[in-house]
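The sequence shown begins at 31 in my numbering and counts up by one. Ideal placement from N, C-alpha and C gives every residue a C-beta, glycine not left out. Only a predicted model underlies this, so the values are computations on that prediction, with no experimental measurement involved. Right, one structure below, let's go through it.
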Amino acid sequence: MRVLKNIWSQFHRFVLWALLSTVLWAWIFMQLTDTVPAKKVTLYIQAEDCRSQELSLKLEENKPESIKMVKAHPFSYAIFGNADLLGADFFVVRESEVEEMLPSFAPLDGEDWDYGQREQYRADGVFYGVKLCDGQSRGPASEYITYDPGETYYLFFNVDSPHLSAGDGAALRVAEALLKLD
Numbered sequence: 031m032r033v034l035k036n037i038w039s040q041f042h043r044f045v046l047w048a049l050l051s052t053v054l055w056a057w058i059f060m061q062l063t064d065t066v067p068a069k070k071v072t073l074y075i076q077a078e079d080c081r082s083q084e085l086s087l088k089l090e091e092n093k094p095e096s097i098k099m100v101k102a103h104p105f106s107y108a109i110f111g112n113a114d115l116l117g118a119d120f121f122v123v124r125e126s127e128v129e130e131m132l133p134s135f136a137p138l139d140g141e142d143w144d145y146g147q148r149e150q151y152r153a154d155g156v157f158y159g160v161k162l163c164d165g166q167s168r169g170p171a172s173e174y175i176t177y178d179p180g181e182t183y184y185l186f187f188n189v190d191s192p193h194l195s196a197g198d199g200a201a202l203r204v205a206e207a208l209l210k211l212d
C-alpha cells in the first residue's frame with residue numbers, strides 16, 4: 031500500500047518525463063526525416079483527399095539534383111498555422127479560393143517552364159498559374175489527388191519560393207513533373 035501511495039504522489043513527475051521524452055523523440059525524428067528549405071521543394075494541395083506520401087515519392091523520382099526531397103501536403107497539414115504554407119514552393123488551389131490568395135502567388139511572365147497547352151490563369155493581364163482541371167475533367171496526378179467534382183483547380187507558385195528561376199528553378203521542374211502525371 032505504501033508503495034502505491036509513493037508512486038501516486040510522484041505521478042506528475044512520470045507524466046512530465048513521458049511528455050519530455052515524446053517531444054525529444056519527435057524532434058529527433060523530424061531531424062532525421064526532414065531537411066532545410068533550400069534542399070526541399072514543398073507542394074500544398076487544396077483538395078478533398080490527397081495521398082501525399084505516395085505523391086511525394088512519385089515527384090521525387092524526377093527531382094533536380096540540387097534537391098534532396100519533395101514534400102506534398104494537403105492544406106489541412108498546416109491547420110495550426112500559416113508558417114508552413116508561407117514556406118511552400120507551389121500550390122494546387124480551387125478556383126473559388128484564388129482571389130483571396132492571389133497576393134501570395136508569383137507572376138510567371140518570363141518564367142521558363144513547360145506547362146504544355148494548359149489554360150493560363152491571368153489577373154490584370156499578368157500570368158499567375160495554369161489550369162489543372164475543371165469539374166468535368168481529370169486533372170494531373172488524379173491517382174494521388176481527389177479533385178472535388180464541380181471545382182476548377184489551378185497550379186500557382188509562392189511569391190517567396192526560393193526555387194523559382196531566380197533561385198535554382200527546382201519548383202518549376204517539380205511542377206512540370208506533376209503536370210506529366212496524367
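Can you look up residue i in the DSSP assignment and give me helix, strand or coil?
i, result
"Q150", "strand"
"Y158", "strand"
"N188", "strand"
"Y79", "Position check: residue 79 holds Asp in this sequence, whereas Tyr was assumed. Note: D79 maps to strand in three-state DSSP."
"P133", "helix"
"M60", "helix"
"V71", "strand"
"A102", "strand"
"R168", "coil"
"I97", "coil"
"T176", "strand"
Are there 16 or more other CB atoms within 10 angstroms of the CB of residue i, so buried, or fewer, so exposed?
i, result
"I37", "exposed"
"P133", "exposed"
"L50", "exposed"
"L73", "buried"
Report whether the distance from the Cβ of residue i to the nearest heavy atom of the ligand NAP is below 7 Å.
i, result
"G146", "In terms of ligand content, the structure shown is empty, and the ligand NAP therefore cannot be addressed."
Going by CA-CA distance only, name the one from the options that's closest to residue i.
i, options, result
"A68", "K35, E130 and I97", "I97"
"C80", "N92, E95, N188 and D178", "D178"
"V156", "Y145, T176 and F135", "F135"
"A113", "D190, D212, E125 and V33", "D190"
For residue i, I'd like the list of residues in its chain whose CB is within less than 7 Å of its CB, leaving aside the five on either flank, ordered along the chain.
i, result
"E84", "Y174"
"L202", "E141, W143, L194 and S195"
So, for residue i: in the same chain, excluding its five sequence neighbours on each side, which residues have a beta-carbon less than 6 Å away from its beta-carbon?
i, result
"R148", "V160 and K161"
"L89", "V100, V204 and A207"
Measure the CB-CB distance between residue i and residue j and report whether it falls below 8 Å.
i, j, result
"F121", "F186", "yes"
"K70", "K101", "yes"
"N188", "A118", "yes"
"P94", "A200", "yes"
"E129", "Q76", "no"
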